[in-house]
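Student: I am attaching a structure below and will ask some questions about it afterwards.
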Amino acid sequence: MLLAEKPFGVRAKGLFVFNLSSLHLLYYFNHKDMKLDILAIAAHPDDVEVAAGGTLLRHVALGRKVGLLDLTKSERSTRGTVPQRSQEAHRAAELLGATIREQLDLPDGFFTADEASLLKIIMQIRKYQPDIILANAPDDRHPDHQRAAAMVVQAAFLANLVKIETIENGQIQPAWRTRAIYHYVQDRTCQPDLVIDITPYIDKKFEAIKAYQSQFYQPDCTDPETPISCPSFFEALRGRNAMLGRQIGVEYAEGFTVARTVGVRDLFDLV
Ligand SMILES: [Zn+2]
């Protein structure tokens, strides 16, 4: 258990070194620069930008290392092609200041919580060792969102089981325990458990969203319309962020729900 819960103890206390196998030590030294503070996981590229882009921008500004993981390449979305969407996703990640963006190849619209799919997510969690994971809304308009939400919770739990062995580039990945998972509020309105002030980052958030030129409103685009391609979508989203901001007395905010009780060390961290 020591290994699973304290893999970075090796840096803090020499004693832990003797509790780690040489394989795990090798993995640790090869990956210490890859560790992320926050890994934002989504069923589709653009989910995170829309629902939690401001939160990522805030944490990057605070010096946190953030990354993105898309479970699918959104190959069945009504507008755009996979190469186009991939290019847009990488541009958006750049605008958010993310360190990495990975895309798995789970089937858009049809992925399920089978062993092979869960193992792919587990490997990414172990590779990037995030303290916090952001995940899709557990109940939302697009059925992929709720399935992704449940799979991420499951994969994060399984990533900490030492007897589930995963190998990356010939090295055994150490088990990893993520401290917290927060589900970003998406299309469906719900009461958030946690609201984050994104006021200074609202314009930059929209800049990142607009990197997805194939998905959102373009006056001369002849592709079929979708619920997010109409011009009122941006207005609705800004309104959502403003409504959430009102709840905590700031201009704009993003909301999250959590399965477990939220704990803080410092009451002054609360707005
Ligand atoms: Zn989506």
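Quick note: the sequence shown uses this note's numbering, first residue 44, plus one each step.
Virtual Cβ for every residue (Gly too), placed ideally from N, Cα, C.
Consider the C-beta atom of D90 and the heavy atoms of ligand 1; say whether any pair is separated by less than 6 Å.
Tutor: Translated into positions along the sequence shown, residue 90 becomes position 47. At least one heavy atom of ligand 1 is nearer than 6 Å to the Cβ of D90, so yes.
Student: Assuming A132 and R144 form a contact by the criterion Cβ under 8 Å, report the distance between their Cβ atoms to the nearest whole angstrom.
Tutor: Translated into positions along the sequence shown, residue 132 becomes position 89. Translated into positions along the sequence shown, residue 144 becomes position 101. Indeed, because the Cβ distance is near 6 Å, the residues count as touching under 8 Å.
Student: Does the distance from the C-beta atom of A178 to that of H226 stay below 7 Å?
Tutor: Locating residue 178 in the sequence shown gives position 135, where the first residue counts as 1. Locating residue 226 in the sequence shown gives position 183, where the first residue counts as 1. Going by C-beta atoms, A178 is nearer than 7 Å to H226.
Student: Check Q146 in the structure and name its three-state DSSP category.
Tutor: Residue 146 sits at position 103 when you count from the first residue of the sequence shown. In this structure, Q146 counts as strand in the three-state DSSP scheme.
Student: Given that a residue counts as buried once 16 or more other Cβ atoms are within 10 Å of its Cβ, and exposed if not, what is R128?
Tutor: The residue you call residue 128 lines up with position 85 of the sequence shown. Buried.
Student: Helix, strand or coil for G57, going by three-state DSSP, please let me know.
Tutor: Position 14 of the sequence shown, counted from the first residue, corresponds to residue 57. Only weak support exists for where G57 lies, its pLDDT of 37 falling under 50; the value from the coordinates is given anyway. Residue state, collapsed to three classes: helix.
Student: Per DSSP, what kind of secondary structure is D174 in: helix, strand or coil?
Tutor: For the purposes of this step, residue 174 is identified with residue 131 of the sequence shown, where counting begins at 1. Residue state, collapsed to three classes: coil.
Student: Who are the Cβ neighbours of L79 in its own chain at under 6 Å, not counting the five residues just before and after it?
Tutor: Stepping through the sequence shown from its first residue, residue 79 is reached at position 36. In chain order, K108, G110, Y171 and P173 place their CB closer than 6 Å to the CB of L79, counting only its own chain and leaving out the 5 sequence neighbours on each side.
Student: Does the stretch 149-168 come close enough to the stretch 278-290 to have 3 or more Cβ pairs within less than 8 Å?
Tutor: no
Student: DSSP puts H226 in a beta bridge; with which residues?
Tutor: Position 183 of the sequence shown holds residue 226. BP columns for H226 point to A178 and T300.
Student: State the Cα-Cα distance for the pair K49 and Q167, rounded to the nearest angstrom.
Tutor: Within the sequence shown, the letter at position 6 stands for residue 49. Within the sequence shown, the letter at position 124 stands for residue 167. Residue placement at K49 is flagged as unreliable, the pLDDT there being 36, under the threshold of 50; a coordinate-derived value is accordingly withheld.
Student: Going by the CB atoms, is the gap between L138 and A251 shorter than 7 Å?
Tutor: Within the sequence shown, numbered from 1, the residue matching residue 251 stands at position 208. Within the sequence shown, numbered from 1, the residue matching residue 138 stands at position 95. Using a Cβ distance threshold of 7 Å, A251 and L138 count as a contacting pair.
Student: Taking I81 as part of the beta strand (DSSP E), name the residues at either end of that continuous run.
Tutor: Within the sequence shown, numbered from 1, the residue matching residue 81 stands at position 38. Note, I81: beta strand (DSSP E), I81 to A85.
Student: Taking only the alpha-carbon atoms, compute the straight-line gap between P274 and Y255 and give it to the nearest angstrom.
Tutor: Against the sequence shown, residue 274 aligns to sequence position 231. Against the sequence shown, residue 255 aligns to sequence position 212. Distance between the alpha carbons of P274 and Y255: 14 Å.
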